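Here the structure is laid out as structure tokens; the discussion comes afterwards.
Residue numbers (the numbering used here): 4 to 232.
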């Protein structure tokens, strides 16, 4: 699984001073360092070094300052990582290349070069915004089958937790969750239903979501206090 490569690469980049989070904007990982503007690094993971990994790097390059490609080192040392042509192509593209050992070690095969591709500022901005809004690092980079825990999903779950005791007015949620009105009204995941004008309750799907992704006790405690008040 590509997710097994995520933590070694995350630890490597954190050692360089980056804040790393997985599965943002279709990228296996996004790392940020500094502010206004931050240095943005995109990492892509594959079990083996192949053409698809390079193509993903090319696709991501316009949205970041550096691209790091990572894959597991072949046991016998005869994989693409030992091919000088593959490494030289990464150098020409300006990509960093990381080899992950069976023990989870990280080897720098190629350091990234300061080559400036055509930038995509909108995509870059979306990545930075999502990185900053997401609480913690809830998604392993390389995940393909599980729903991604985006910042929006995190906020929707927090709103759902506030509705566990019963229907609530939107204005009672907005002090803690300013986007509650949009989240409840759009109802992207089918977790909410309108009980009356400006009042929402939780659907069966919402209760099921909270069982799948339990929320911190503070959300339900705060909701209970609102009911008692």
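The beta-carbon is built from N, C-alpha and C at its ideal position, and this holds for glycine as well.
Fair warning: this is a prediction, and the values are worked out from it, not measured in the lab.
* Out of 86, 217, 30 and 187, which has the shortest C-alpha to C-alpha gap to residue 71? -> Per the Cα distances, 30.
* Taking the Cβ atom as the reference point for each residue, do residue 206 and residue 194 lie within a distance shorter than 8 Å? -> yes
* Runs of alpha helix (DSSP H) wholly within the segment 173 to 217 (minimum 4 residues, chain order) -> 173 to 176, 183 to 189 and 207 to 215
* Asked: Rounded C-beta distance between residue 57 and residue 92? I'm assuming under 8 Å.
  -> 7 Å
* Asked: Helix, strand or coil: how does DSSP classify residue 245 here?
  -> In the structure as shown, the chain begins at 4 and stops at 232. Residue 245 is therefore absent and cannot be evaluated.
* Counting along the chain, where does the beta strand (DSSP E) carrying residue 161 start and finish? -> No beta strand (DSSP E) contains residue 161, which is instead part of the alpha helix (DSSP H) from 154 to 165.
* **Own chain residues within Cβ distance below 7 Å of residue 112, not counting five before or after** => Here the set comprises 84, 90, 100, 101 and 102.
* Classify residue 86 as helix, strand or coil using the three-state DSSP reduction. => It is coil, neither helix nor strand.
* To do: Report yes if the CB atom of residue 320 is closer than 8 Å to the CB atom of residue 158, and no otherwise.
  => Shown here, the chain extends from 4 to 232; a query on residue 320 therefore has no answer.
* Asked: Which full runs of the alpha helix (DSSP H) of 4+ residues lie inside the segment 26 to 88, going along the chain?
  -> 54 to 63
* **Own chain residues within Cβ distance below 7 Å of residue 172, not counting five before or after** => The residues are 201 and 202.
* To do: Classify residue 73 as buried or exposed, calling it buried when 16 or more other Cβ atoms lie within 10 Å of its own Cβ.
  => buried
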